[in-house]
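Below you'll find the structure, written out as structure tokens, and then a few comments.
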Amino acid sequence: MSSKNRRHSNRSPPTGKDSEVRPAGSEDERRRADRWHSDAEVEILSPIQQVASAVDVSKTGIQLWLDHWLSAGTVCDLRITTHSGRTMHKRVRVIWTRREGKSCVSGLEVVGSIAPHTSDQD
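Going left to right, the sequence shown walks through residues 283 to 404 as the numbering used here numbers them.
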């Protein structure tokens with residue numbers, strides 16, 4: 283993958299997020315795990331290929347800032363690279379997506395870990 287494709291864009295995710303755990307907003311909030319602000323780079327490997335930015339993460343999910351719409355129910359394979367360079371491969375299911383200007387924000391549920399794609403092992 284060329285270096286120009288590795289960056290999402292010059293635009294940053296929305297600001298105002300804390301790097302500490304944020305409490306649930308209400309008693310009936312569906313999240314089952316604490317969330318942390320993240321600056322991880324996320325590459326969607328399938329069913330589309332796209333670079334996205336993580337907004338926040340938890341043990342059970344991830345929220346992404348991306349350029350294209352992901353429909354609820356879609357299963358995606360991700361390569362997640364943290365600020366320290368650690369790489370993880372996860373399979374996720376899209377729970378929701380909403381428009382934010384010309385971009386989108388999607389909430390993803392982690393459904394499992396996956397083996398690195400063949401091209402990742404070179």
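C-beta: ideal position from N, C-alpha, C; glycine also.
Candidates the options, of which the one nearest residue i by Cα
{"i": "D321", "options": "Q331, S328, L360 and V339", "result": "V339"}
{"i": "L352", "options": "A397, P398 and G389", "result": "G389"}
{"i": "G383", "options": "P398, W347, Q331 and I362", "result": "W347"}
{"i": "W318", "options": "A336, E325 and H371", "result": "A336"}
Residue j beta carbon less than 8 Å from that of residue i
{"i": "I344", "j": "V392", "result": "yes"}
{"i": "G394", "j": "R380", "result": "no"}
{"i": "C358", "j": "V333", "result": "no"}
{"i": "H371", "j": "A354", "result": "no"}
Where the beta strand (DSSP E) containing residue i begins and where it ends
{"i": "G343", "result": "G343 to L348"}
{"i": "W368", "result": "This sequence places Arg at residue 368; Trp is not what is there. Looking at the DSSP string, R368 is not in any beta strand (DSSP E), and its letter there is neither H nor E."}
{"i": "S328", "result": "E323 to S328"}
{"i": "S388", "result": "S385 to S395"}
Per-residue DSSP class, three states only, for residue i
{"i": "D338", "result": "strand"}
{"i": "S308", "result": "Confidence at S308 is low in this model, with a pLDDT of 39, below 50, so the placement of that residue should be treated as unreliable; the coordinate-derived value is given next. The answer is coil: DSSP assigns S308 none of H, G, I, E or B."}
{"i": "L378", "result": "Reading the sequence as shown, one finds Trp at residue 378 and not Leu. Strand."}
{"i": "L352", "result": "coil"}
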